[in-house]
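One structure is given below, encoded as structure tokens.
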Amino acid sequence: MLCERDDLAQGTSSRSGKLVHGGLRYLEYYEFRLVREALIEREVLLRAAPHIIWPMRFVLPHSPEQRPAWLLRLGLFLYDHLGGRQKLPGTRAIDLARDPVGEPIKPEFHQAFEYSDCWVDDARLVVLNALDAQQHGARILTRTKVTSAKRAGDAWEVELQDAGDGHRFTVMARCVVNAAGPWVENMLGQVKGISSQRRVRLVKGSHLVIRKFWEGDHAYLLQNHDKRVIFVNPYEGDLALVGTTDIAVEGQPEDARVDETEIDYLLDVLARYFAKPPGRADIVHSFSGVRPLYDDNAANPSAVTRDYVFDVDPKVATDGAPPILSVFGGKITTYRKLAEHALEKLAPFFPNMDKSWTAHATLPGGDIPGADFEPWLAAFLRAWPWLNPGIAQHYARLYGTRAIDLLGDAKAMTDLGRHFGSILYEREARFLLRAEWAQSPEDVLERRTKHGLHLTPEERGSFERWFLSLNHEGLTSAEPVAHV
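First residue of the sequence shown: 40, per the working numbering; consecutive thereafter.
Structure (structure tokens):
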């Protein structure tokens, strides 16, 4: 059973930099094990979900004030070879005066390097894991808060509360895993008789969504004066995602917001490198995510490890009590490996458990032959010739082979139902309500999709009114979790 206090991915997991990457800059902090694990996982996840994860090329202009060229070459050589790269192309050197990728860059920057990493739709990655868990027998409870937990003999007695009607109920479990991210310490406070010496360090990372200002589907990685690096990635077709910052968080994680100094910081980096940099008028949206980093006492937030640590209550070893495992730290790229290592910690209590089957599994919709998205997309377009190509691409990217379930018996654009604006149609919204635990307009517009970025305020309001009216049609937000 998964208990999620809010919607799936409502916290940190929908507010990342949306990259499956090894973490090039972590090499400077000698995090070789973490980088190697992340690079290996990059290939595993690319095969598991080729519809929501795809290769992206990153252009890194050389700025000698930050790092010498030989150091970048060495780092990129390690990056290419540390994780057994298979599908992604390697690094190449670029003359910015001659290569088209240098067109928007200021002329004082002459040299660059181009390397590979992967893009991921982070919120959809969370939803697909929940769907996969459900298909394997798990119960997924969204908007369900854990209010307390205590040991009762050889099991845990866990009290839950439905966020909608306030109803409280109790479940029994042989094991509890505390994977609450930024709230991992808060969650331990709800568990009677448990304490931990581990601490989580909360670091805010903010991003700007701006109008895309260059040609091509490549991204840029920019070195700043403080030696931090900023990603500038193509996003949602005509937009770009710029981030991130590293700021210690005081207070509650859910209260984190982008502040003016962060906006200035990110725009200043763009102005340093680009001849015609975007300004505040080009900002479409912004968001902050709070990273739950394991506190290794590093003075600089950027130097705090992105590795993960587990904590198993010592009572388990001394008196055979039912286990509770807490997760401190981690990053989206290594989430699957983290889970595998967590199961290894729990294996003594579940001796018949298969711990490693996910390494060769696909996520829902990712069962694309050869994990090769483009040929599959071409076949999908031929199979649905009446479907607008932009909408077909959208369905294919978000849902993969599950797009066929979404379309069902549709035979014409009119079968998609009401059009709310951009490429959002009623049929997709009803599919998300029915099959992916969407219970509010924001669940659809901001996490299951990014339609909210492309609707006018009037279109968004129209959709919200329609969605809320579904409660009066008998198709309620409870339908997708009727199995609970």
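Note that CB positions come from ideal geometry on N, CA and C, so glycine has one too.
Here the structure is a predicted model, which means the values were calculated and not measured.
To the nearest angstrom, report how far apart residue i and residue j are at their CA atoms.
i, j, result
"Glu43", "Pro403", "20 Å"
"Gln262", "Gly123", "26 Å"
"Ala474", "Ile430", "19 Å"
"Arg311", "Arg250", "18 Å"
"Ser155", "Thr130", "7 Å"
"Trp415", "Ile407", "7 Å"
"Lys299", "Thr401", "The amino acid at residue 299 is misidentified as Lys; the sequence shows Glu. Spanning the two alpha carbons is a distance of roughly 41 Å."
"Glu80", "Leu484", "29 Å"
"Val288", "Asp482", "26 Å"
"Gly500", "Ser327", "24 Å"
"Arg466", "Asn427", "14 Å"
"Phe412", "Ala88", "10 Å"
"Gln105", "Arg267", "9 Å"
"Glu518", "Leu472", "Caution applies to Glu518, whose pLDDT of 37 falls short of 50 and renders its modelled position unreliable; the model cannot decide the point."
"Lys145", "Asp134", "13 Å"
"Gly491", "Gly220", "26 Å"
"Met40", "Thr183", "11 Å"
"Ile92", "Thr209", "38 Å"
"Leu227", "His175", "28 Å"
"Pro100", "Glu153", "9 Å"
What is the DSSP secondary structure of residue i, counted as helix, strand or coil?
i, result
"Gln150", "strand"
"Ala517", "For Ala517, the predicted structure reports a pLDDT of 38, less than 50, and the residue's modelled location is therefore unreliable. The matter cannot be settled from this model."
"Lys243", "strand"
"Trp423", "coil"
"Ile302", "helix"
"Met211", "strand"
"Phe97", "strand"
"Val297", "coil"
"Leu463", "strand"
"His324", "strand"
"Gly282", "strand"
"Ile407", "coil"
"His490", "helix"
"Ala378", "helix"
"Tyr259", "strand"
"Asp265", "coil"
"Ala435", "helix"
"Ala287", "strand"
"Val132", "In the sequence as presented, Val is not what sits at residue 132; that position holds Ala. Correct three-state label for Ala132: strand."
"Ala310", "helix"
"Asn336", "coil"
Would you say residue i and residue j are within 8 Å of each other, going by their C-beta atoms?
i, j, result
"Phe252", "Pro317", "yes"
"Ala151", "Val98", "yes"
"Leu47", "Trp476", "yes"
"Val242", "Asp285", "yes"
"Leu199", "Arg207", "yes"
"Ala162", "Ser53", "yes"
"Ala565", "Val197", "Any question about residue 565 goes unanswered here, given that the chain covers just 40 to 523."
"Leu377", "Gly369", "yes"
"Val239", "Phe367", "yes"
"Ile302", "Leu247", "yes"
"Leu420", "Ser461", "no"
"Val13", "Pro362", "For the chain, the structure presents residues 40 to 523; residue 13 sits outside this window and is missing."
"Phe502", "Phe459", "yes"
"Thr372", "Val59", "yes"
Quick check on the burial criterion: 16 or more other C-beta atoms within 10 angstroms. Buried or exposed for residue i?
i, result
"Asn168", "buried"
"Leu110", "exposed"
"Leu113", "exposed"
"Gln10", "This structure cannot settle anything about residue 10, because the visible part of the chain is limited to 40 through 523."
"Leu507", "exposed"
"Asn225", "exposed"
"Ser102", "buried"
"Leu514", "Confidence at Leu514 is low in this model, with a pLDDT of 48, below 50, so its placement is unreliable and the value that follows should be read with caution. When all chains shown are included, Leu514 counts as exposed."
"Met95", "buried"
"Asn217", "buried"
"His149", "exposed"
"Tyr118", "buried"
"Tyr69", "exposed"
"Pro480", "buried"
"Lys315", "exposed"
"Gly290", "exposed"
"Pro390", "exposed"
"Gly255", "exposed"
Using the DSSP secondary-structure output, state which residues sit across from residue i in a beta bridge.
i, result
"Phe349", "Val366"
"Thr183", "Asp201"
"Ala188", "Val197, Val230"
"His458", "Tyr464"
"Leu155", "For the sequence presented, residue 155 should be read as Ser rather than Leu. In DSSP, Ser155 forms a bridge with Arg96."
"Leu484", "DSSP lists no partner for Leu484."
"Tyr274", "Leu278"
Using a Cβ-based criterion (distance less than 7 Å to any ligand heavy atom), does residue i qualify as near the ligand GDP?
i, result
"Gln262", "With respect to the ligand GDP, the structure shown offers nothing to examine, as it has no ligands at all."
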